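Chains as they are written, first to last, in our numbering: chain F, 73 to 230; chain X, 2 to 770.
Laid out in structure tokens, this is it:
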């Protein structure tokens with residue numbers, strides 16, 4: 073059996089500031105130089121490092137399942153997928169947005185609003201942010217809070 | 002001599018009396034039988050067994066990019082009762098290869114859509130999952146789930162544990178072998194089998210040892226079910242009547258199934274292993290449907306004496322018994338001679354025995370139980386077969402247990418201390434799931450659960466609430482506050498003269514410095530200026546549910562909390578302003594996988610994003626240069642970890658609460674008798690925290706910077722002679738509150754443009770050194 077191999081030894085490495093900093097500075101310079109050289113060429117497609125892309129694909133597969141379940145009117149099932157997605161990629165505003173929708177579909181308006189806020193706090197793209205405000209508008213309206221609904225509506229069309 | 006008449010009379014009286022006696026006896030027997038039958042029907046028609054609730058860890062989600070080492074993965078598999086098998090022949094088995102593992106998962110219903118059994122190849126590279134492949138389709142898999150480890154049961158009072166099987170679950174080979182060995186005429190007799198007794202005697206004489214017993218399966222069942230083990234005639238008599246009654250009223254299949262579920266097949270500590278379903282998992286890590294002939298032979302052989310023929314303790318006896326059963330199997334035509342040859346050569350237990358996860362995390366189970374006791378009766382927990390899916394992450398729990406006990410032992414040795422204790426609580430930063438709970442340094446001892454029940458003064462851990470209240474009420478991190486001595490009158494008239502940890506006063510300092518270096522006097526001044534009601538309100542908003550007394554000593558930690566309560570309070574900071582109730586349970590299902598209860602994720606924004614961002618940035622500075630700077634031995638500054646140390650009077654309690662990108666962890670170290678241990682937060686609890694988080698490969702913390710934050714360089718530290726430039730730190734401000742815009746506000750300290758350039762040059766010089 074392979075034991076937790078890296079875990080046992082205690083890290084008594086003290087990061088030697090001088091070396092690290094010189095390293096960082098040199099690599100900054102190298103980056104600038106590389107940037108200057110590349111700037112004339114065609115833009116290369118940015119490929120994500122394997123870890124990020126794996127995490128994103130795992131999240132996407134759960135988001136797909138969740139969307140399908142929501143579409144079929146099974147918000148509870150969707151929530152199961154989404155809670156898993158939160159565990160894998162908690163900083164993904166899309167996950168919290170769909171979670172907000174599943175709460176809304178279940179009539180849990182206060183939670184729908186909270187999840188939409190959480191999504192917005194993750195700095196989403198403008199389209200997702202707008203959907204969050206629109207969802208909050210609907211939720212406030214469903215709870216009879218016209219002022220907050222109007223406010224959310226305004227934020228959506230800012 | 003008696004006259005013939007007299008003889009006749011006596012004779013007829015004898016007939017009458019004996020008839021009467023016979024009738025009476027018959028009637029008594031009938032009444033007795035009727036009584037026995039009542040008992041029998043009650044038990045047989047009712048719920049026959051108390052099925053304990055089963056508690057599971059979280060299922061492991063596997064996807065490319067997951068940070069998990071091959072060794073850790075294998076530990077997970079073993080905890081979940083997977084057995085090593087090069088052929089990966091059944092669900093619940095795995096084979097190690099050079100670059101990863103072949104795994105055959107078990108079908109599992111998580112209550113959120115079942116997962117079928119899958120054949121996977123999972124490749125690892127440098128402590129990360131490199132690829133997941135479906136071995137049947139050959140396709141890459143984005144996300145797979147491993148069925149979760151069973152970590153414990155809530156056993157009924159008799160400590161009987163079992164997994165219920167239905168008739169259709171029973172492999173025919175098992176049924177046939179059981180009948181061939183224990184009760185050859187089972188399907189034809191009426192509960193008793195006189196021929197069987199004779200044959201058993203004959204077989205035993207021929208073999209020269211007791212190979213077969215004369216009791217039918219029905220009698221054995223009756224004996225186990227209703228009677229004590231005393232060997233009296235009366236018991237034998239009752240057993241016979243009840244066997245007849247049982248056979249008369251119930252199907253053979255029903256009796257057989259009850260037998261298979263009832264039979265005692267081993268003991269593990271106080272836990273009694275009952276039934277073939279549990280026994281096959283317990284001894285072979287297999288579902289009953291995946292037993293091979295040699296497994297069946299071993300289990301059937303154990304019926305006769307589960308301790309005597311225990312394969313782990315008495316392998317030779319068990320081996321001999323198993324070979325005998327295999328011979329019976331081949332004679333009865335249950336297996337052919339080829340299968341027989343394979344079976345006799347098969348090892349007794351095909352996997353190296355691994356302990357599995359049974360009741361290995363009693364402190365976590367205690368928390369689960371406590372949470373459930375609010376909604377369920379004790380009886381429901383121990384008898385209705387509930388399935389409880391928890392949030393326990395075995396990797397985290399192991400790391401927490403190991404680092405707590407090792408570090409405490411080391412501290413005792415180094416600092417000549419004795420009787421140190423500790424507790425750890427670890428949660429998921431974003432959803433409040435409890436991943437580990439350690440209640441003491443020798444986990445599993447089942448003693449005092451300090452994580453839940455040790456309420457100790459939190460010291461400076463309370464300070465972030467003071468600074469949050471201040472930031473929410475118009476202060477910035479650059480505002481100045483007086484770190485000067487003060488005295489208060491206690492309720493009893495005695496003076497209260499708090500001091501700083503280093504015994505000095507630091508004069509006029511920024512809020513930032515006061516928090517990062519944990520200055521008591523400055524904090525008391527700040528708290529008083531902000532208002533104690535506001536501080537208490539902030540604490541409550543963060544999630545502290547204690548009743549808090551409004552004394553100024555609160556500002557420096559005269560508040561006793563359990564590690565779990567501290568975790569709940571810090572969770573809101575770790576969640577960047579979103580409060581989340583801590584959860585140990587995801588969901589509860591009944592025995593048929595129907596949902597009974599869910600504990601969904603819920604959140605509530607309780608702190609403005611900007612305020613929590615300012616505070617958390619300062620907590621990052623605590624780690625980078627403040628009281629928790631010793632973390633730099635474990636993590637580079639770029640990791641951005643945030644946290645706070647806490648020390649109570651005379652170093653009785655050593656605390657550290659902090660969070661990384663993925664987790665929040667709270668550690669307490671002290672003594673049960675509350676004696677001073679002379680540890681600070683950073684010399685005690687922090688060490689445990691650092692080692693544990695390092696082992697768990699903590700993710701860097703990247704705080705989300707909300708819109709409208711401005712950064713300014715601020716001069717900090719003591720005034721230097723000759724007006725030399727002071728050290729500058731870059732601090733965040735809510736737009737419009739940065740000192741150089743609002744002018745020299747109350748004590749704002751900002752460098753001139755010239756100073757800023759000078760500072761920048763200094764920094765570059767430092768870099769190049």
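Glycine included, C-beta positions come from ideal geometry on N, C-alpha and C.
Bear in mind that the values here come from a model prediction, so they are computed numbers and not experimental data.
Which value, in whole angstroms, describes the spacing of the CA atoms of residue i and residue j?
{"i": "residue 198 of chain X", "j": "residue 205 of chain X", "result": "11 Å"}
{"i": "residue 431 of chain X", "j": "residue 593 of chain X", "result": "32 Å"}
{"i": "residue 1 of chain X", "j": "residue 238 of chain X", "result": "No answer is possible for residue 1 of chain X: the residues shown for chain X start at 2 and end at 770."}
{"i": "residue 636 of chain X", "j": "residue 695 of chain X", "result": "8 Å"}
{"i": "residue 690 of chain X", "j": "residue 565 of chain X", "result": "15 Å"}
{"i": "residue 89 of chain X", "j": "residue 103 of chain X", "result": "7 Å"}
{"i": "residue 405 of chain X", "j": "residue 545 of chain X", "result": "25 Å"}
{"i": "residue 134 of chain F", "j": "residue 117 of chain X", "result": "17 Å"}
{"i": "residue 420 of chain X", "j": "residue 474 of chain X", "result": "44 Å"}
{"i": "residue 752 of chain X", "j": "residue 193 of chain F", "result": "Note that residue 752 of chain X has pLDDT 43, beneath the 50 cutoff, so the model's placement of it is unreliable and the number below is only indicative. Looking at the two C-alpha atoms, the distance is approximately 32 Å."}
{"i": "residue 438 of chain X", "j": "residue 455 of chain X", "result": "13 Å"}
{"i": "residue 163 of chain F", "j": "residue 403 of chain X", "result": "30 Å"}
{"i": "residue 393 of chain X", "j": "residue 650 of chain X", "result": "34 Å"}
{"i": "residue 467 of chain X", "j": "residue 524 of chain X", "result": "7 Å"}
{"i": "residue 472 of chain X", "j": "residue 443 of chain X", "result": "42 Å"}
{"i": "residue 220 of chain X", "j": "residue 194 of chain X", "result": "10 Å"}
{"i": "residue 157 of chain X", "j": "residue 274 of chain X", "result": "13 Å"}
{"i": "residue 538 of chain X", "j": "residue 549 of chain X", "result": "10 Å"}
Against chain X, with Cβ distances strictly below 8 Å, would residue i count as a contact?
{"i": "residue 158 of chain F", "result": "yes"}
{"i": "residue 179 of chain F", "result": "no"}
{"i": "residue 190 of chain F", "result": "yes"}
{"i": "residue 118 of chain F", "result": "Low confidence applies here, because residue 118 of chain F scores a pLDDT of 43, under 50, leaving its location unreliable; read the following figure in that light. It does not: the Cβ of residue 118 of chain F has no partner Cβ on chain X nearer than 8 Å."}
{"i": "residue 151 of chain F", "result": "yes"}
{"i": "residue 196 of chain F", "result": "no"}
{"i": "residue 155 of chain F", "result": "yes"}
{"i": "residue 165 of chain F", "result": "no"}
{"i": "residue 108 of chain F", "result": "Summary for residue 108 of chain F: the model assigns pLDDT 43, below 50, so the residue's position carries little reliability; its value from the coordinates is reported in the next sentence. Chain X contact via Cβ: absent."}
Name, please, each residue of chain F whose Cβ falls closer than 7 Å to the Cβ of residue i.
{"i": "residue 143 of chain X", "result": "129, 130 and 133"}
{"i": "residue 384 of chain X", "result": "Correct list: empty, because the minimum Cβ distance to chain F is about 28 Å."}
Starting from residue i, trace the beta strand (DSSP E) in both directions and tell me its first and last residue.
{"i": "residue 511 of chain X", "result": "508-511"}
{"i": "residue 656 of chain X", "result": "654-660"}
{"i": "residue 134 of chain X", "result": "129-135"}
{"i": "residue 728 of chain X", "result": "728-735"}
{"i": "residue 95 of chain X", "result": "94-98"}
{"i": "residue 589 of chain X", "result": "586-590"}
Residues of chain X with CB under 8 Å from residue i, in chain order?
{"i": "residue 187 of chain F", "result": "604"}
{"i": "residue 183 of chain F", "result": "603 and 604"}
{"i": "residue 193 of chain F", "result": "577, 578, 579, 606, 610, 705 and 707"}
List the residues of chain F that residue i touches, going by C-beta distances under 8 Å, in chain order.
{"i": "residue 66 of chain X", "result": "122, 123, 124, 125, 126, 127 and 130"}
Closest Cβ-Cβ distance between residue i and chain F: below 8 Å?
{"i": "residue 683 of chain X", "result": "no"}
{"i": "residue 62 of chain X", "result": "yes"}
{"i": "residue 432 of chain X", "result": "yes"}
{"i": "residue 38 of chain X", "result": "no"}
Could you work out which residues of chain F lie near residue i, taking near to mean beta carbons separated by less than 9 Å?
{"i": "residue 255 of chain X", "result": "What residue 255 of chain X touches in chain F: nothing, since even the nearest Cβ is about 37 Å away."}
{"i": "residue 473 of chain X", "result": "Under the 9 Å cutoff, chain F gives no residues; its nearest Cβ is about 17 Å from residue 473 of chain X."}
Which term fits residue i, buried or exposed, when burial requires 16 or more other beta carbons within 10 angstroms of its beta carbon?
{"i": "residue 58 of chain X", "result": "buried"}
{"i": "residue 329 of chain X", "result": "buried"}
{"i": "residue 339 of chain X", "result": "exposed"}
{"i": "residue 284 of chain X", "result": "buried"}
{"i": "residue 378 of chain X", "result": "exposed"}
{"i": "residue 165 of chain F", "result": "buried"}
{"i": "residue 346 of chain X", "result": "exposed"}
{"i": "residue 578 of chain X", "result": "buried"}
{"i": "residue 688 of chain X", "result": "buried"}
{"i": "residue 429 of chain X", "result": "buried"}
{"i": "residue 74 of chain F", "result": "Model confidence at residue 74 of chain F stands at a pLDDT of 38, short of 50, so the residue's coordinates are unreliable; what they give is reported in the following sentence. Its Cβ having fewer than 16 others within 10 Å, residue 74 of chain F is exposed."}
List the residues of chain B that residue i touches, going by C-beta distances under 7 Å, in chain order.
{"i": "residue 129 of chain X", "result": "Reference to chain B is not applicable here, since the protein chains of this structure are F and X."}
Where do the N-terminal and C-terminal ends of the alpha helix (DSSP H) with residue i fall, by residue?
{"i": "residue 236 of chain X", "result": "234-250"}
{"i": "residue 408 of chain X", "result": "395-416"}
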